[in-house]
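Residue numbers (the numbering used here), protein chains in the order written: chain S, 81 to 865; chain B, -19 to 174.
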Amino acid sequence: MANPSIMDTLFQRSLEDLIKGIRLQSPDSSTPTSSFLCKSMEEIRREIKSTDPHTKSIALLKLTYLNSIYGFDMSWAAFHVVEVISYPQFPLKKIGYSAATASFHDGTDVLLLLTNQLRKDLSSSNGFEVSLALQCLSVIGTTDLCRDLCNEIFTLLSSTRIYVKKKAIAVVLRVFRKYQDAVGVCFKRLVDNLESSEPQGMSAVVGVFCELTLRDPEGYLPLAPEFYRILIDCKNNWVLIKVLKIFAKLAPLEPRLAKKIVDPICEIMRRTMAKSLMFECIWTVVSSLSEYESAVKLAVVKARELLVDDDPNLKYLGLKALSSLAFNHPWAVVENKDAVISSLSDADPNIKLASLRIVMSMVSEDNVVEISRVLINYSLKSDPDFCNEILRSILTTCSRNYYEVVFDFDWYISLLGEMSRIPYCQRGEEIENQLIDIGMRVKDARQELVRVARDLLIDPALLGNPFLHRILSAAAWVSGEYVELSKSPFELMEALLQPRTSLLPPLIRAVYIQSAFKVLVYCLHSYLLQKEATASSFAADGNTPWIENSAIQGPEGSDLATSELDREFNPRDFSPSFENNGHSISKLSTHKSMVNLLNLTEMALGPLMESHEVEIQERVRNILGVKELVKQEILDHSAQKEENSEKKESDASKIIELIYHSFSEELGPVSASAQARITVPNGLVLKDNLAELEIICGDIELPVSTSFSLGTLHSREKEVLSLDDAASNEDSEPSTESTSLLSEHYKRHKLYYLLERKMMPFPLIIHLPMKVRFRIIRSMISMIL
Amino acid sequence: MIHFVLLINRQGKVRLTKWYSPYSQKERSKVIRELSGVITTRGPKLCNFVEWTGFKVVYRRYASLYFCMCIDQDDNELEILEIIHHYVEILDRYFGSVCELDLIFNFHKAYYILDEILIAGELQESSKKTVARLIAAQDSLVEAAKEQESSISNIIAQVTKRFTAEAAEIGEHFPAERFSIQGYRYTDVDVCNV
């Protein structure tokens, strides 16, 4: 960069020129704005080094502009700023100070150089120069600066020029914060200012005390009488607002003070026309004076005025005031119930959220049903965000403290089911957690739980909604776990194995399959038991097998069962199902229906035996293995149905029984710290570095997953998928090119190819995932070479 | 206290920034970006307060400009709305029917006026007359100082001004729209307080 020359001085662009120049840069002009700005910055860097004060300060002004509007860094110019501040001419000094205020911070090293200049300006006879220095100090004052200039500030606090005094008072706040010893020096003068009743200085002083009190209320309690005097006498609304804030902090510390100020505050509330002051009064009463019923009543009346106002600002503030009252004075909210509820459908999301918060704080055992009903109705009418917010707050409130407010779990579970069906619902995870949690903790609710789960599982439309997959997973688990409470296990089985379940992500599908396993085992178990019971009763009294008599009711069947097979199964599990679902079990347990069940299982799960998903494959093989075992026996039994069959326990029945017993073990909730409580056995190293595996397994290719689930929950998955697609689109050209070349070559030189080659028609290749395609191409090429 | 003041136009362009709390250069750009996104997308009938990263931001739209001030949780929002209105009224008196263009070209003057109203994030002067008087006094000081300089650069600058192109209002809609000063008044209801 060349040295500043006389040309720069003569032809320097002023701030106005710079601004005009920037505005002339239109989007379609040749020089874009950013390059114009860079050029201007270079100009400024040259100009600012000039010795001519005028040139320098114009450059600094332009730099300040670029810094504050466009965010250009100007910390390199710190020394120049100090120079400009030292010029005696007022306009230049002004430019320098505003640059300093905008760009200096605690880390600027040239700040020390500024001390003397500030000192000079603070003692200047020109009030405006003093004010410039004070303004600057109020923003950038560091500990050193404040310490060095403390005396000057002290002098200014009693200056005769009001204008200067005001600013000095405001600066005191910064000085106190940065340099604590100044408090001892300046505090008395500050208090003097408070006591003198000049209206102009009052605002500044009270502002400072307000800030100080916020940080440390106790220290300023002795000044309460002064503030009281101001409260009574002053007519300036701005000052009154500040004083009220101070009292809001002081009143809780001193009950006598509170008693004294209640009346004046109520008086102000009644009298004033200024809404901001009225709101401040309301807020003070609500936050600090809430023991005084009369004051609170008045505050509520005023808050209601705000609530019904059309101005959304006032409505929002009214709701805010009510929400802080809700805890101690619920009657206030109840009185204004209609206004709050109508705000739930307001256009402004802030207002809606505020009213929702109030409604949720009112929830108790008596009204939770009603409130939930009202809220669900609102959620159906609202946009997705608010709908989910409502659901989230209902879920959180009801599950607080282990479901403290819920006394009727049947109702709550049906509510959870209803929530799942709301179109915008995205709270799948929480609903899932709660369904399982309640199932584990509340035995009586399991019946209802199973019913709701069945409704969810049967509906094929729900399978397509990715947000509901977790809820469906919970429903499946619950159905499997408490299958003995289900009305129709057969129907459940069909629901769990329906073809649309292929839309589910693999892990959830695994849950479905496992539940199907449990249901199958249950059905098999009850069928086999009945068979044996029949066989024995058959042997015992030669009656017609009561299997075919579907009119047999619970008690007789269970008596029979318990008498004959007392020790071989758990009566607790068996009898309820009989008592509740007697006829359905007997309907189920016809031989034909069992065969159908097994066939269904085979048909639905057979194709998955070779699935690449480990979880699915394992479970499918389990269930099909058991099916194989049992199938033979069932078929045998059918042949021997008429004949005598001694009760011989075949292997299959034994296995079924074992599995059944393991499934009927009750699962309880596990505490979060349970894992930590288990001591690590000796010799088990948990934190091994697995980097060595890389050497062994580095070149093993992972198998390609060809199962794309259509309902992807995570956007990341979506991204990966789309990346794959994008990449595959790009690569389709070279791959088609290579395959077409290959096919050309093959056609021409077919005779010379050693191996018979099966050429896949290449349009189809495109539909395969990229990795598979590459494999094919690679194998083709390797076959040629 | 007020942490910062931002003036943004409807396209998200910054017209004025004043920071009363320490924010680094990077933090400043981040704040501006975030807030302009939040505020410019809010509809006209919604309330003027926004909760943002633990602070409250109070804003009001005058013609094509959003005046935003960021405050603590304890502060009174209506009071801040009044402060914004106070500032706009003073600007209006100073520039005579102020519009965005005035603020674009006289950004340093807008700063000086703001410095007379707020100091260290608190309200300094609630009387419009006093502020107007102070600004006028400072302006005359500045003019007096300038007249003393009859340097060549000034003369040349005067000459070349006539040939500089007029400001093009490219890409900005209604910057010359006057601010309408009829706001809902929350604090100063008594006329004699003016």
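All residues carry an ideal CB built from backbone N, CA and C; glycine is no exception.
Other residues of its chain near residue i: CB distance less than 6 Å, five sequence neighbours each side excluded
i: S:Met689; result: Val700
i: S:Gly497; result: Val532
i: S:Leu399; result: Ala434, Ser435
i: S:Leu324; result: Glu360, Thr364
i: S:Asp653; result: Interpretation of S:Asp653 is limited by its pLDDT of 41, a score under 50 that renders its predicted location unreliable; no figure is taken from the coordinates.
Inter-residue spacing [alpha-carbon to alpha-carbon] between residue i and residue j
i: S:Ala179; j: B:Thr20; result: 29 Å
i: S:Leu460; j: S:Asn416; result: 24 Å
i: S:Gln594; j: S:Ser441; result: 41 Å
i: S:Ile861; j: S:Leu821; result: 11 Å
i: B:Glu127; j: S:Trp318; result: 40 Å
i: S:Gly187; j: B:Leu121; result: 33 Å
i: S:Ser462; j: S:Val388; result: 21 Å
i: S:Phe170; j: B:Phe75; result: 22 Å
i: S:Gln578; j: S:Ala684; result: 7 Å
i: S:Leu803; j: S:Leu584; result: Reliability fails at S:Leu803, whose pLDDT of 40 lies under 50, so the model's placement of it is uncertain and no value is given.
i: S:Arg295; j: B:Leu103; result: 19 Å
i: S:Glu235; j: B:Glu96; result: First, the amino acid is wrong: residue 235 of chain S is Thr here, not Glu. Computed Cα separation, rounded: 21 Å.
i: S:Val448; j: S:Arg350; result: 37 Å
i: S:Ser423; j: S:Val413; result: 13 Å
i: B:Ala124; j: B:Gln118; result: 10 Å
i: S:Phe489; j: S:Val342; result: 47 Å
i: S:Leu552; j: S:Trp491; result: 19 Å
i: B:Arg22; j: S:Leu475; result: 29 Å
i: S:Glu612; j: S:Ile470; result: 54 Å
i: S:Ser258; j: S:Leu193; result: Looking at the sequence shown, residue 258 of chain S is not Ser but Lys. Near 19 Å, if we compare the C-alpha coordinates of S:Leu193 and S:Lys258.
i: S:Tyr482; j: S:Ser606; result: 36 Å
i: S:Gln697; j: S:Met573; result: 19 Å
i: S:Glu799; j: B:Phe85; result: Interpretation of S:Glu799 is limited by its pLDDT of 40, a score under 50 that renders its predicted location unreliable; no figure is taken from the coordinates.
i: S:Ala706; j: S:Tyr458; result: Note on residue identity: the sequence assigns Val, not Ala, to residue 706 of chain S. Those two C-alpha atoms are separated by around 50 Å.
i: S:Thr135; j: S:Ile124; result: 10 Å
i: S:Lys247; j: S:Val271; result: 15 Å
i: B:Tyr42; j: B:Arg(-5); result: 13 Å
i: S:Pro761; j: S:Ser479; result: 37 Å
i: S:Ile128; j: B:Phe87; result: 20 Å
i: S:Ser155; j: S:Phe184; result: 7 Å
i: B:Phe29; j: S:Ser166; result: 42 Å
i: S:Asn629; j: S:Ile703; result: For S:Asn629, the predicted model reports a pLDDT of 37, less than 50, meaning its position is unreliable and no value from the coordinates is stated.
Cβ-based neighbour list, residue i, same chain, cut-off 8 Å, excluding 5 preceding and 5 following
i: S:Glu531; result: It is Arg, not Glu, that sits at residue 531 of chain S in the sequence shown. Taken in chain order, the residues that qualify are Lys567.
i: S:Glu316; result: The sequence as given places Asn at residue 316 of chain S; Glu does not occur at that position. For S:Asn316, where only same-chain residues beyond five positions count, the Cβ hits under 8 Å are Pro279, Met282, Ser283.
i: B:Ala112; result: Ile70, Arg73, Tyr74
i: S:Thr222; result: Asp186, Leu191, Lys258
i: S:Arg384; result: Gly398, Glu415, Asn416, Ala419
i: B:Arg158; result: Ala43, Ser77, Val78, Cys79
Residues near residue i in its chain [Cβ-Cβ closer than 7 Å; skip 5 each side]
i: B:Asp82; result: Phe75
i: S:Pro392; result: Asp428, Ile431
i: S:Thr581; result: Leu543, Arg589, Tyr592
i: S:Met520; result: Leu747, Gly748, Pro749
Counting only Cβ-Cβ distances shorter than 8 Å, please list the residues of the segment 566 to 586 of chain S near chain B, keeping chain order. none
Using a beta-carbon distance cut-off of less than 7 Å, what residues from the segment 197 to 220 of chain S approach chain B? Phe208, Gln215, Ser218, Val219
Determine, using beta-carbon pairs with one atom in the segment 275 to 289 of chain S and one in the segment 223 to 241 of chain S, whether at least three such pairs fall under 8 Å. no
The segment -14 to 2 of chain B / the segment 10 to 25 of chain B touching (three or more Cβ pairs under 8 Å): yes
Cβ-based contacts, 8 Å cut-off: residues of the segment 228 to 260 of chain S near chain B: Tyr243, Lys246, Lys247, Ala250, Val251, Leu253, Arg254
Do the segment 21 to 35 of chain B and the segment 214 to 223 of chain S touch if we need at least three Cβ pairs shorter than 8 Å? no
The segment 70 to 90 of chain B: positions lying closer than 7 Å to chain S by Cβ: Ile84, Phe85, Phe87, His88
Near-chain B residues of the segment 420 to 443 of chain S - C-beta to any C-beta below 7 Å: Ala427, Asp428, Asn430, Ile431
Residues from the segment 23 to 41 of chain B in contact with chain S, defined by Cβ distance under 7 Å: Lys25, Leu26, Cys27, Asn28, Phe29
Which runs of the alpha helix (DSSP H) at least 4 residues long sit entirely within the segment 86 to 170 of chain S? Give them in chain order. 86 to 90, 95 to 104, 113 to 127, 133 to 150, 158 to 165
Completely contained beta strand (DSSP E) runs for the segment 417 to 447 of chain S, where each covers 3 or more residues: none
Please list the residues of the segment 273 to 305 of chain S that have a C-beta atom closer than 7 Å to any C-beta atom in chain B, keeping them in chain order. Ser283, Ala284, Gly287, Glu291, Leu294
Those runs of the alpha helix (DSSP H) which lie wholly inside the segment 40 to 86 of chain B and span at least 4 residues: 57 to 75, 80 to 85
Along the segment 0 to 12 of chain B, what residues have a CB closer than 8 Å to any CB found in chain S? Tyr0, Pro2, Ser4, Gln5, Arg8, Ser9, Ile12
Could you name the residues of the segment 354 to 366 of chain S whose beta carbon sits closer than 8 Å to any beta carbon of chain B, in the order they occur along the chain? Ala354, Lys355, Ser356, Leu357, Phe359, Glu360, Trp363
In chain order, each alpha helix (DSSP H) run of at least 4 residues that lies wholly inside the segment 175 to 238 of chain S: 191 to 202, 207 to 220, 223 to 236
Name, going along the chain, the residues of the segment 99 to 116 of chain B whose beta-carbon falls closer than 9 Å to a beta-carbon of chain S. Ile99, Ala100, Gly101, Glu102, Leu103, Gln104, Glu105, Ser106, Ser107, Thr110, Leu114
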